[in-house]
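Everything below concerns the one structure shown next.
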Amino acid sequence: MTIPTLDIMDTPIIGVFATCTEDFALVPCGTKASAKDIIADNLHVQVIEVIMSQNSVIGSMIRGNSAGFIVPRGSSLESLQVTGLPISSLPDKLNALGNIVLANDSAALVHPELSDRSIEVISQTLKVDVYRGTIAGLKTVGMAGAATNRGLLVHPRTTTQELAFLEEIFELPVDVGTTNFGTPMVGSGLLANSKGYVAGSKTTGYELGRIEGALGFIAKE
Numbered sequence: 137m138t139i140p141t142l143d144i145m146d147t148p149i150i151g152v153f154a155t156c157t158e159d160f161a162l163v164p165c166g167t168k169a170s171a172k173d174i175i176a177d178n179l180h181v182q183v184i185e186v187i188m189s190q191n192s193v194i195g196s197m198i199r200g201n202s203a204g205f206i207v208p209r210g211s212s213l214e215s216l217q218v219t220g221l222p223i224s225s226l227p228d229k230l231n232a233l234g235n236i237v238l239a240n241d242s243a244a245l246v247h248p249e250l251s252d253r254s255i256e257v258i259s260q261t262l263k264v265d266v267y268r269g270t271i272a273g274l275k276t277v278g279m280a281g282a283a284t285n286r287g288l289l290v291h292p293r294t295t296t297q298e299l300a301f302l303e304e305i306f307e308l309p310v311d312v313g314t315t316n317f318g319t320p321m322v323g324s325g326l327l328a329n330s331k332g333y334v335a336g337s338k339t340t341g342y343e344l345g346r347i348e349g350a351l352g353f354i355a356k357e
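Following this note's numbering, the numbering of the sequence shown begins with 137 at its first residue and continues without gaps.
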């Protein structure tokens with residue numbers, strides 16, 4: 137079986153440029169057909185090319201789950217209408233939502249300085265309980281971790297207290313790891329849902345094993 141690694145926009149930091157849910161993967165316009173095929177085949181999702189104000193870092197700007205998507209204020213994303221899901225923008229100046237929100241279908245961890253109003257919008261749109269917090273002391277929790285409905289992989293310097301909090305709010309196993317040959321911001325190098333995953337092209341075999349263990353996948357020989 138082909139190892140699920142790839143580049144998007146000629147870079148292995150695929151989580152910066154793309155994001156996914158159980159049913160959809162959002163990628164920037166111009167993503168190579170071969171990359172879209174790998175994502176579709178491994179995550180079993182519909183791949184959607186997104187146009188976003190001349191901004192290709194879709195993964196840094198958008199976060200979603202099976203219930204909906206949250207996008208930066210002022211965004212007009214007609215391409216997301218095909219999902220048939222609610223799309224909400226946040227009132228905060230903190231608008232790189234993929235960077236500052238970590239979510240699956242049951243919970244979300246967000247930047248500790250997000251406003252109460254933004255947290256309310258996230259909760260209503262994604263249909264989850266929302267908590268403020270950090271991962272490895274970092275406020276950019278969306279890139280410091282990756283969450284699916286089966287498990288979480290987070291920054292290797294995540295503290296014992298943070299790990300315990302993540303396990304409590306997500307009610308899932310949490311493990312630490314890296315992507316792309318030692319990059320600790322695992323969300324920047326990984327796209328995953330409960331059905332599969334893809335990682336940045338520089339991710340090593342050892343790192344892939346950590347990903348598969350944390351997210352509940354059986355390693356393929």
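Glycine included, every Cβ here is placed at the ideal spot set by N, Cα and C.
For S259, the enclosing alpha helix (DSSP H) begins and ends at D252 to L262.
The Cβ atoms of N316 and P148 lie closer than 8 Å to each other. Membership of R268 in the beta strand (DSSP E) is indicated by the continuous run D265 to R268. Around the C-beta of R346, 16 or more other C-beta atoms lie within 10 Å, and the residue is accordingly described as buried. For N201, no alpha helix (DSSP H) segment is defined, and its DSSP state is neither H nor E.
For D173, the uninterrupted alpha helix (DSSP H) run begins and ends at A169 to L179, by DSSP.
Counting along the chain, F205 sits inside the beta strand (DSSP E) bounded by residues F205 to V207. G151 carries a helical assignment under DSSP once its states are collapsed to helix, strand and coil. Non-local C-beta neighbours of G281 in its own chain, meaning closer than 7 Å and more than five positions away in sequence, comprise L238, I271, L288, L289, V290, H291, V322 and G323, ordered along the chain. With fewer than 16 other CB atoms across the displayed protein chains lying within 10 angstroms of its CB, G341 is exposed.
For G287, there is no enclosing alpha helix (DSSP H), as DSSP marks it with neither H nor E. Counted as a single uninterrupted DSSP element, the beta strand (DSSP E) harbouring Q182 occupies residues Q182 to V186. Sequence-distant Cβ neighbours of I236 in its own chain, meaning closer than 8 Å and more than five residues away, are L230, V246, H247, L250, K275, T276, V277 and G278.
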